[in-house]
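Input: a single structure, listed below in C-alpha cells.
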Amino acid sequence: MGLFTRRLQAAPFGVLATEGQSKVWEGEIGIPHLGEGFALRVHGARQGPTAAQAEAFARLLANARQVRQEATPALLAFLTECGVVPPGVALNAATLWDHLTPCFIEVHPEDGEGTCSLGYEIPWEASQLVHIDTAHGAFTGVHAE
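Each residue of the sequence shown is one higher than the one before, starting from 0 at the first, in numbering that gives the first Met the number 0.
Now the structure itself:
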C-alpha cells in the first residue's frame with residue numbers, strides 16, 4: 000500500500016485498507032468451516048463497506064457450517080461434471096475440502112443483493128477457481144472462473 004492508503008476497522012470484516020479515492024476495500028480473513036487465509040475484497044463505498052454488506056457478511060460468518068454442508072454436494076457434482084478431477088482421485092464429501100485452497104472472498108456491491116463469493120484454487124486446473132456463491136449468508140450455487 001502506498002502514500003494514500005486509508006485503513007479502517009470494520010466489523011465483521013476486520014482491518015480493511017484502500018488506496019486514494021477507491022471504493023474497493025481489501026483485507027484478509029479466515030472463516031471456520033470454509034477456510035483460512037482468504038484475501039478479502041469488499042466493493043463498498045468511499046467510507047467503507049455498506050451496512051447491507053456488513054449484514055450479509057455477518058450472516059455468511061454465522062451460517063458458515065450450513066453453507067459448507069450445502070455447498071459440498073454441489074461442488075462435488077460441479078467438479079465431476081467439468082471433468083477436471085484426474086482418474087484415481089477419490090473425491091467425495093470426506094476428501095473434497097482437502098483439495099480446495101482458499102483464495103479470495105468477493106463482497107459485491109449493494110446492487111448485488113448482499114452477495115458474496117468465495118473462490119478456491121483446485122489442484123487440477125491452475126487457471127480456474129471454483130466459487131461458492133451466497134446471498135444474505137445463504138448458499139446459492141457454485142461456478143468457476
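Backbone N, C-alpha and C define an ideal beta-carbon position, used for all residues, glycine too.
Just so we're clear, the structure is a prediction, and the values are computed from it rather than from any experiment.
Unbroken alpha helix (DSSP H) run spanning residue i, endpoints
i, result
"ALA57", "50–61"
Residue i Cβ short of 7 angstroms to the ligand HEM heavy atom set
i, result
"GLU18", "Only the bare structure without any ligand can be found here, which leaves the ligand HEM out of the picture."
Spatially closest choice to residue i from the options, by CA coordinates
i, options, result
"GLU54", "GLU124, GLY26, ALA125 and ALA10", "ALA10"
"ALA16", "ILE30, ILE131 and PRO48", "PRO48"
"LEU128", "GLN46, CYS81 and TRP24", "CYS81"
"ILE104", "ARG6, VAL14, TRP96 and ILE30", "ILE30"
"LYS22", "ARG40, ARG45 and TRP123", "ARG45"
"HIS42", "PHE56, THR100, ASP97 and LEU75", "PHE56"
"HIS107", "GLU18, GLU27 and LEU39", "LEU39"
"ALA146", "GLY136, ALA143, GLY140 and VAL141", "Since the displayed the chain opens at 0 and closes at 144, residue 146 lies outside it and no answer follows."
"TRP96", "PHE12, GLY26 and GLY34", "GLY34"
"GLU124", "GLN68, HIS98 and PRO72", "HIS98"
"THR79", "ARG6, CYS102 and VAL141", "VAL141"
"ALA92", "TYR119, PRO101, ALA76 and ARG5", "ALA76"
Residue interval of the beta strand (DSSP E) (run including residue i)
i, result
"ARG45", "Neither: ARG45 is in no beta strand (DSSP E) and is coded neither H nor E."
"TRP24", "23–30"
"ALA143", "137–143"
"GLU124", "No beta strand (DSSP E) holds GLU124; DSSP gives it neither H nor E."
"THR4", "4–9"
"PHE103", "100–106"
"LEU15", "13–18"
Buried versus exposed call for residue i [16 or more other C-beta atoms within 10 Å across all chains shown]
i, result
"ASP132", "buried"
"GLN52", "buried"
"VAL88", "exposed"
"THR114", "buried"
"PHE138", "buried"
"SER116", "buried"
"HIS130", "buried"
"ALA70", "buried"
"ARG58", "buried"
"GLU19", "Looking at the sequence itself, residue 19 is Gly, so the reference to Glu does not match. Exposed, since its Cβ has fewer than 16 Cβ neighbours within 10 Å."
"PHE3", "exposed"
"GLY36", "exposed"
"GLY13", "exposed"
Anticipated Cβ contact below 8 angstroms, residue i with residue j, distance rounded
i, j, result
"VAL66", "ILE121", "That pair is no contact at about 18 angstroms."
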